[in-house]
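For the sequence shown, position 19 matches number 54 in the working numbering, and the numbering has no gaps at all. In what follows, a single structure is set out as structure tokens and then discussed.
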Amino acid sequence: MTDLTVRRLLVDMEQPIQSRWCAGDAFRTALFDALSMSFPVGEQFFIDSVRNGFKELPQEKQERFRAEVQGFVGQEATHRRLHALYNGHLEKRGLVNHWEPRARARLSLMEGVDVRHWLAITAANEHFTAIFADWMLRNADLLGDRDPRLKTLWLWHSAEESEHKSTAFDLYQALGGSHEWRVRWFRRVTLIFLGDTLRQTVSNLRQEGELWKWSTWKSAASYLFGRRGLVRQTFRPWKDYLRRDFNPAQHDSSASVRWLEDNAGSFSLVGR
Ligand SMILES: [Fe+2]
Ligand SMILES: [Fe+2]
36 MTDLTVRRLL VDMEQPIQSR WCAGDAFRTA LFDALSMSFP VGEQFFIDSV RNGFKELPQE
96 KQERFRAEVQ GFVGQEATHR RLHALYNGHL EKRGLVNHWE PRARARLSLM EGVDVRHWLA
156 ITAANEHFTA IFADWMLRNA DLLGDRDPRL KTLWLWHSAE ESEHKSTAFD LYQALGGSHE
216 WRVRWFRRVT LIFLGDTLRQ TVSNLRQEGE LWKWSTWKSA ASYLFGRRGL VRQTFRPWKD
276 YLRRDFNPAQ HDSSASVRWL EDNAGSFSLV GR
């Protein structure tokens, strides 16, 4: 069982978000803004999956998960709230969130489906988020210092994603979810997630007038495939998920622990 703390982030999300807030880099800014656009709808689905999965557990297994599920819901609900404020600023700047309605339409197909499918989708997304989060915490300098508030927001979110990376996975296992379905959903989620990320990033770049600039795609190539590149460094941990004996807790979380220790002044603890 993982002990999950809910934290209130001490940042001012009322201030507008500038274009190129991420180290003056158009590509990185568009990518992060795209991901933020997916969070309110995605994280609500994760909350519902975990809550409903918990209810399906037999009484004797519920005690083991009760506090962890509460912590998970608290953390994701806080992420949702802050990213909704974040997305409000993007909307004011004229960016259009195409991801959310697409995700909503897909998720509406899940009504009435066995909760283990919900959890398999959630666990797959959470694995994605966790390996991205760990990578981001280890390459925090790439967020730049133009907007320290957003840097803190992304690193705090990453630290908590790393903390709760096993919750949906463990619930899925506790409910007897199969390896085959877990892997099947993971492959599907990978394609959908990458497709949605690309489409929304391109849309954001087009809106900002940055899409057809050489510098944008040069930055994309190095950010994704360079020596410290996201794709290059997360491919192995991505692939680990396909192993039959995999559990997210096998992946190192020390970057998250370190960030939370070093940045304790950036948040207050809720209910403690
Ligand atoms: Fe989250
Ligand atoms: Fe999460």
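Yeah, the Cβ is synthetic: ideal placement off N, Cα and C, and Gly gets one too. Keep in mind it's a predicted model, so treat the numbers as computed, not measured.
As assigned by DSSP and simplified to three states, the class of residue i
i	result
F221	helix
R43	strand
L120	helix
L277	coil
L246	coil
L178	helix
S303	strand
A58	coil
G264	coil
E146	coil
T37	coil
H133	coil
E49	coil
N282	coil
H20	There is no way to answer for residue 20, as the model of the chain reaches only from 36 to 307.
S71	helix
S213	coil
H199	coil
L229	helix
S288	coil
L92	coil
R63	helix
Same chain, Cβ closer than 6 angstroms to residue i, neighbours up to 5 away in sequence not counted
i	result
A65	T236, N239 and L240
S73	W134
D231	W134
L277	V218
S288	S197
C-alpha distance - residue i paired with residue j, whole-angstrom precision
i	j	result
M48	A138	25 angstroms
H114	W153	20 angstroms
L185	R43	15 angstroms
E198	S254	30 angstroms
V150	S84	7 angstroms
W273	L117	27 angstroms
E196	V292	11 angstroms
L246	F67	15 angstroms
A112	G106	10 angstroms
G211	K248	50 angstroms
P136	Y258	28 angstroms
L142	L226	16 angstroms
G88	L188	29 angstroms
W216	G244	42 angstroms
L233	H286	26 angstroms
G261	G179	17 angstroms
L177	A256	14 angstroms
P75	E296	27 angstroms
S301	G77	25 angstroms
Sequence-distant residues of its chain with Cβ nearer than 7 angstroms to residue i (five each side left out)
i	result
Q79	R115
A203	F81, S84, V85, L154, T157, A158 and E161
W294	L172, L190 and A194
E103	M36, T37, L39 and T202
N282	S201 and F204
L206	V85, G88, F89, F100 and L154
Distance CB(residue i)-CB(residue j) smaller than 8 angstroms
i	j	result
L39	A209	no
V220	A165	Contrary to the premise, residue 220 reads as Trp rather than Val in this sequence. No, the Cβ-Cβ distance between W220 and A165 is not below 8 angstroms.
S303	L120	no
P183	H124	no
S193	A155	no
V108	R86	yes
Q94	V41	no
Sequence-distant residues of its chain with Cβ nearer than 8 angstroms to residue i (five each side left out)
i	result
R181	Q53, R55, W56, C57, A58 and G59
V224	I156, A159, N160 and F163
F228	N160 and F163
V131	S238 and Q242
H331	Only positions 36 to 307 of the chain appear in the structure, and residue 331 is not among them; the question remains open.
E126	N132
R22	Past the edges of the chain, shown from 36 to 307, lies residue 22, and the structure says nothing about it.
K96	A209
R267	L259, F260 and G261
Contact test: residue i Cβ vs ligand 4 heavy atom, cutoff 7 angstroms
i	result
H162	Among the ligands modelled here, namely ligand 1 and ligand 2, ligand 4 does not occur.
Integer-rounded CB distance, given that residue j should sit under 8 angstroms from residue i
i	j	result
A284	L172	The Cβ separation is near 17 angstroms, so there is no contact.
T251	F62	5 angstroms
N174	R263	6 angstroms
W170	L265	6 angstroms
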